[in-house]
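S.K.:
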Amino acid sequence: MSAAGAMEIEDVAALRTEAVRILRENDRGGYTIPTDGLYPFQWNWDSAFCAMGIATYDVDRAWSELDYLYQGQWESGLLPHIVFHRPVDSYYPGPDVWGTAHTPPTSGISQPPLTATATLRILDRAAAAHANMSDAKDRAAALYPKILALHDWWERERDPDRTGIVAVLHPWETGADNSPVWDGPLKTTPATKTQFQRRDVALVDATMRPRQWEYERYIHLVELYRSLGWDGGKMWRETPFKVADVAMNAILMRDERDLLTLAESFGTPAERARLEERAERRQSGLDRLWHAQDGFYYSRDLVADEAIRVASHAGFLPLWGGVRNPDRAKQLADRLTQWLTLCRYGAPTMSPRDPEFDQKRYWRGPVWAIINFMLGHGAAEQGFADLADRLREDTRALMLRSGFCEYYDPLTGEGLGGGAFSWTAAAGLAWALD
Ligand code: GLC
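FYI, in our numbering the residues of the sequence shown are 195 to 628.
(1) Write down every uninterrupted run of the beta strand (DSSP E) in the stretch 370-422 whose length is 3 residues or greater and which is fully enclosed by it, in chain order.
(2) For residue 326, count neighbouring C-beta atoms within 10 Å of its own C-beta (all shown protein chains included) and say buried if the count is 16 or more, exposed if not.
(3) Measuring from the CB of residue 560, is there a heavy atom of ligand 1 at a distance below 7 Å?
(4) If you run the structure through DSSP and keep just helix, strand and coil, what is residue 526?
(5) Starting from residue 258 and walking both ways along the alpha helix (DSSP H), at which residues does that stretch end?
(6) Take the Cβ of residue 407 as the centre, count every other Cβ of all protein chains shown within 10 Å, and call the residue buried at 16 or more, exposed below.
(7) Pull up the distance between the alpha-carbon of residue 578 and that of residue 315, whole angstroms please.
(8) Whose C-beta lies closer than 8 Å to the C-beta of residue 485 among residues of the same chain, with five residues either side of it excluded?
(9) Consult DSSP for residue 609 and reduce its assignment to one of helix, strand or coil.
(10) Note the first and the last residue of the continuous alpha helix (DSSP H) segment covering residue 291.
(11) Start and end of the alpha helix (DSSP H) containing residue 566?
(12) Residue 540: beta carbon under 7 Å from a heavy atom of ligand 1?
(13) Check whether the stretch 381-391 and the stretch 246-261 touch, using three or more Cβ-Cβ pairs below 8 Å as the test.
(14) Across which residues does DSSP place residue 494 in a beta bridge pair?
(15) Is the Cβ-Cβ distance between residue 513 and residue 553 less than 8 Å?
(16) Go through its chain and collect everything with a Cβ distance to residue 392's Cβ below 7 Å, but skip five positions before and after it.
(17) Counting by C-beta, which residues lie closer than 5 Å to a heavy atom of ligand 1, in chain order?
(18) Count the CB pairs spanning the stretch 345-353 and the stretch 260-276 that are closer than 8 Å, and state whether there are at least three.
(19) For residue 414, which residues from the same chain have a beta carbon less than 7 Å from its beta carbon, with the 5 sequence-adjacent residues on both sides left out?
(20) Under 6 Å Cβ to Cβ from residue 274, same chain only, skipping five residues before and after it: list those, please.
(21) Residues in its own chain within less than 7 Å of residue 630 by CB, not counting five upstream and five downstream?
(22) Could you tell me the distance, in whole angstroms, from the CA atom of residue 593 to the CA atom of residue 568?
(23) At the level of alpha carbons, what is the spacing between residue 390 and residue 293?
(24) By Cβ distance, which residues of its chain are closer than 7 Å to residue 217, with the 5 residues on each side in sequence left out?
(25) Over what stretch of residues does the alpha helix (DSSP H) that includes residue 432 continue unbroken?
(26) Using 10 angstroms around the beta-carbon of residue 471, count the other beta-carbons present and answer buried if the total reaches 16, otherwise exposed.
(27) Residue 339 lies in the alpha helix (DSSP H); which residues open and close that run?
(28) In terms of DSSP beta bridges, what is residue 300 paired with?
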């Protein structure tokens, strides 16, 4: 082995140790915060990734991550995007702005669902570690009905006409807060009239965060839904922002399939039949987000009733969700490969050739390890091994260069946003450094 190869192995081992240290440091007694200061509570999809990372070294603690997250679940099945387990006043908007009725306090919107996926992966890690499988099965069995209730919520409240495509009612719900894909729909969303004090820009350089005009609309939507008492039916009818996000639909598709696998062990025959039927409806829904002329998957603005022809990382995520048409999968892989030729470290969240590309601004260009995790798995599963290898190597190179930051500059590899970031560390442990 070359000296460089030996050094990399040592460096990777040191990085894994550092990733475990970060996840332990961000542990608040059973659940993990994304990073100290900027995000001091439990976030939904962050925790699903954390659970997959933690499962590589502590299966019991990985289950606890999901159990704490589900303490925030509403009776309707909604799994909120933030659970405010304990009061911390350094975050805006906090529980009083959301004004929801749950204990513990939560936000009132969701985030991409990955808890069935996480549950399956914890079960796999438990088996690989020769852990007590009857305990692992009990933990999974206890989660199963809650995850089922979440999926039923997505269908009931976010696809009331049973089209097979769910909509989000807030950019934060997509997890890709300030993606250029939302610029159009946000322009027809009013701004809040409330004066508010952002906390994020006191902690992270403002050039790396969403802009003020976007924030004013984020807060308007929260205030509107609060005024509607967080009633799903009213929100659906009255919102100015209703978008079928392709990433959300792809991630939901995968989680639904993983839920079906869980149902084989923990569900009833009737549930399995219902889930199979729904998975089929979702798959054809996802198929309809394909734009034949552009050869890409786009999100759809359901208020304007049109495709949003902005190509972002989201359009590649059907690789993770499952693309059943091989020709489409190939077109996605070719396009992503082409994007990767334009930057030193992939995958960028926008093509560097796009006029909206901004190499440092959050979801408008930077690389996110958890997106690479999903794209890397999707590429491998759909038969694009070289693409999968490149994504994994780039993620590893970013971690070696800049540690476990919130996101990275695709041109220079500089670490951006918050430091010591939990889901980045988890994506390292569960995939890039595994
Ligand atoms: C930001 C991200 C979101 C994430 C949260 C906590 O809001 O856009 O995806 O869940 O931070 O890390």
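Backbone N, C-alpha and C fix where the C-beta goes; we use that ideal spot for every residue, glycine too.
Bear in mind that the values here come from a model prediction, so they are computed numbers and not experimental data.
M.R.: Working from what's here:
(1) The qualifying runs do not exist here; there are none.
(2) Residue 326 is exposed by the Cβ-count criterion.
(3) No, the Cβ of residue 560 stays beyond 7 Å of every heavy atom of ligand 1.
(4) helix
(5) 253-264
(6) exposed
(7) 22 Å
(8) Cβ contact annotation for residue 485 (same chain, cutoff 8 Å, sequence separation greater than five): 491, 492, 501 and 503, in chain order.
(9) Residue state for residue 609 is assigned as strand, using DSSP reduced to three classes.
(10) Per DSSP, residue 291 belongs to the alpha helix (DSSP H) from 289-292.
(11) Residues 563-575.
(12) no
(13) By the Cβ criterion, the stretch 381-391 is not in contact with the stretch 246-261, since fewer than three pairs of Cβ atoms, one from each stretch, lie closer than 8 Å.
(14) 438 and 501
(15) No; because the gap between Cβ atoms is not below 8 Å, this pair is not in contact.
(16) 286 and 409
(17) The chain-ordered list of residues whose CB is nearer than 5 Å to some heavy atom of ligand 1 reads 228, 233, 237, 240, 369 and 371.
(18) Verdict: yes, contact present.
(19) Cβ-Cβ distances below 7 Å link residue 414 to 383, 384, 385 and 386 in the same chain, with the five nearest sequence neighbours on each side left out; the list follows chain order.
(20) 266, 300 and 301
(21) Nothing can be reported for residue 630: it is not among the residues displayed for the chain, which extend from 195 to 628.
(22) 17 Å
(23) Their Cα atoms are separated by approximately 16 Å.
(24) Exclusion of the five residues before and after residue 217 leaves 226, 244, 247, 248, 616, 619 and 620 as the residues of its chain whose Cβ lies within less than 7 Å of its Cβ.
(25) 426-432
(26) Exposed, since its Cβ has fewer than 16 Cβ neighbours within 10 Å.
(27) 327-352
(28) 277
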